[in-house]
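Visitor: Attaching a single structure in structure tokens format; questions to follow.
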Amino acid sequence: QRALERSDKVEVETLLTSEGLSNNQVLSILQDREGNIWVGTFNGLHRFSPSNVVQHPVNCSPGTLVAGDAGELWIGCKGVAQVSLSREGKIVRRHDSPVFSAAHRDVGGTVWFAGERVLAHVENDRLVMRPLPPSPLNH
1 QRALERSDKV EVETLLTSEG LSNNQVLSIL QDREGNIWVG TFNGLHRFSP
51 SNVVQHPVNC SPGTLVAGDA GELWIGCKGV AQVSLSREGK IVRRHDSPVF
101 SAAHRDVGGT VWFAGERVLA HVENDRLVMR PLPPSPLNH
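Using my numbering, the first residue of the sequence shown is number 1, and each one after it goes up by one.
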């Protein structure tokens, strides 16, 4: 890939609450395999498709987003739960969990979440927690 040169034109579109976003503070963003852009804000989750913007009522502040192997969307909510949405945007699962600050899907399709002193992964539609040992820097 080449770096942008001064002659390259980059088109940037800004979306705010005045354009339908539920909050101007974005916590997470993800592009899925269908090309939709998912945006988590303090007041909810939005899906931007090429033709429209849809807000999904997840009743939380989506801090982490990761696409599942089957096209579902896993959401790490700030202090509430893990939520999984179907490809159609319906809530499929809700798991009680700690606050996660990162999410990732590995090459095998396993969805992972990381938080303060905890690592979790999705196994058979349930969230499996793996506590991490204390940091050696704290001793």
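Don't be surprised by glycine CBs; every beta carbon is placed ideally from N, CA and C. All figures in this text were calculated on a predicted structure; none of them were measured in a lab.
1. Taking the beta strand (DSSP E) that V53 belongs to, which residues open and close that run?
2. Can you tell me whether DSSP reads T17 as helix, strand or coil?
3. How big is the Cα-Cα spacing for S49 and R130?
4. Secondary structure at P136, three-state DSSP: helix, strand or coil?
5. Can you give me the C-alpha to C-alpha distance between L45 and L16, rounded to a whole angstrom?
6. Smallest Cα separation from V58: which of G40, G71, N52, E72?
7. With a Cβ-Cβ cutoff of 9 Å, do A114 and L65 count as a contact?
8. Based on the DSSP secondary-structure assignment, which residues constitute the bridge partners of P131?
9. Could you spell out the range, first to last residue, of the beta strand (DSSP E) harbouring Q25?
Guide: To lay it out plainly:
1. 53–56
2. helix
3. 35 Å
4. helix
5. 14 Å
6. G40
7. no
8. V118
9. Taken as a continuous stretch (DSSP letters only), Q25 belongs to no beta strand (DSSP E), as it is neither H nor E.
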